[in-house]
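A.B. asks: Structure below; questions to follow.
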Amino acid sequence: MHIQVVKSKIHRVRVTGADLNYIGSITIDEALLEASNIIEGEKVSIVNINNGERFDTYAIVGEKNSGIITLNGPAARKVQKDDIIIIISYASLEFEEAKTFKPWIVFPNEKDNSLT
83 MHIQVVKSKI
93 HRVRVTGADL
103 NYIGSITIDE
113 ALLEASNIIE
123 GEKVSIVNIN
133 NGERFDTYAI
143 VGEKNSGIIT
153 LNGPAARKVQ
163 KDDIIIIISY
173 ASLEFEEAKT
183 FKPWIVFPNE
193 KDNSLT
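Residue 83 is where the sequence shown starts when you use the numbering used here, and the numbers rise one by one after that.
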């Protein structure tokens, strides 16, 4: 039996932009992707702390150490600049493996989305 578990989480980052006219995705600072073990193209769930929206999209790499968190395409309608969001990815694991699995969880600075 396989179950879905949290693989990675970027907890409470500030949205730096929303670009309705871009192909749908979320642009994430490369440093945050590396720290959270999320790869480009990976499906991610977004939880908006400010308005309660929950939706899925996929990650694309943003400039390293820029703090960029931009929702693109239709997802741009679900956030506003400066909203606080949580970014989560999941993995499918065997039940026994899931019991001991430890996710990558990152707690960036909410003011500038840095790791320090």
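Ideal Cβ placement from N, Cα and C applies to all residues, glycine included.
In this text the structure is predicted, and so the values were computed from the model without any measurement.
#1: Are the region 96 to 103 and the region 174 to 189 touching by the rule of at least three beta carbon pairs closer than 8 Å?
#2: Leu114 lies in the alpha helix (DSSP H); which residues open and close that run?
#3: Answer with buried or exposed for Asn195, where buried requires no fewer than 16 other C-beta atoms within 10 angstroms of its C-beta.
#4: On a CA-only basis, which of Thr182, Ala113, Phe183 and Asp138 is nearest Ile170? Give me that one, please.
#5: Between Met83 and the rest of its own chain, which residues show a CB-CB distance below 6 Å, the 5 nearest in sequence each way excluded?
C.D. replies: Well, looking at it:
#1: no
#2: Glu112 to Ser118
#3: buried
#4: Asp138
#5: Phe177
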